[in-house]
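Residue numbers (UniProt numbering): 1 to 87.
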Amino acid sequence: MSSEQASHGGIGHDADARVDARGLRCPMPLLMAKRGLNALEVGQTLHLLSTDAGSRRDFEVFARQSGHEIVQTLDVDDEFHFVLRKS
């Protein structure tokens with residue numbers, strides 16, 4: 001386990017893919033998540049990191065509209081972590 005994963009309670013450490021959207025503003029984190037999820041098989045998970053303050057709301061709406069599941073979220077300082085399962 002990397003020190004970054006340990007410092008964040010291991011969130012997303014077993015995800016099938018990872019997208020780092022830190023430093024990007026809306027809509028880029030969401031677009032990067034969509035692209036990442038498109039590359040996965042149904043049931044696989046994506047760990048996305050973002051620093052955009054609107055990410056929590058954006059991903060809740062995205063999951064509800066797309067049918068993908070938010071498996072886990074974690075806010076650490078100014079970073080937002082999401083683990084999404086492709087439906």
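Note that the Cβ used here is the ideal one computed from N, Cα and C, for glycine as well.
Quick one: give me the first and last residue of the alpha helix (DSSP H) that residue i is part of.
i	result
residue 60	55-66
Compare the beta carbon distance of residue i and residue j with 8 Å and say whether it is the shorter of the two.
i	j	result
residue 87	residue 69	yes
residue 66	residue 29	no
residue 46	residue 33	yes
residue 49	residue 81	yes
residue 39	residue 17	yes
Can you pull the DSSP bridge partners for residue i?
i	result
residue 152	This structure cannot settle anything about residue 152, because the visible part of the chain is limited to 1 through 87.
residue 75	80
residue 11	Partner(s): none; residue 11 has no beta bridge.
Which of the three DSSP states is assigned to residue i in this structure?
i	result
residue 40	coil
residue 85	strand
Keeping to the same chain, check which residues put their C-beta closer than 6 Å to that of residue i; ignore five residues upstream and five downstream.
i	result
residue 58	30
Taking CB distances under 8 Å as the criterion, tell me whether residue i reaches chain C.
i	result
residue 38	In the displayed structure, chain C is absent; only one protein chain is listed.
Give every residue of the same chain whose Cβ lies closer than 7 Å to the Cβ of residue i, excluding the five residues on either side of it in the sequence, and list them in chain order.
i	result
residue 79	22, 49 and 51
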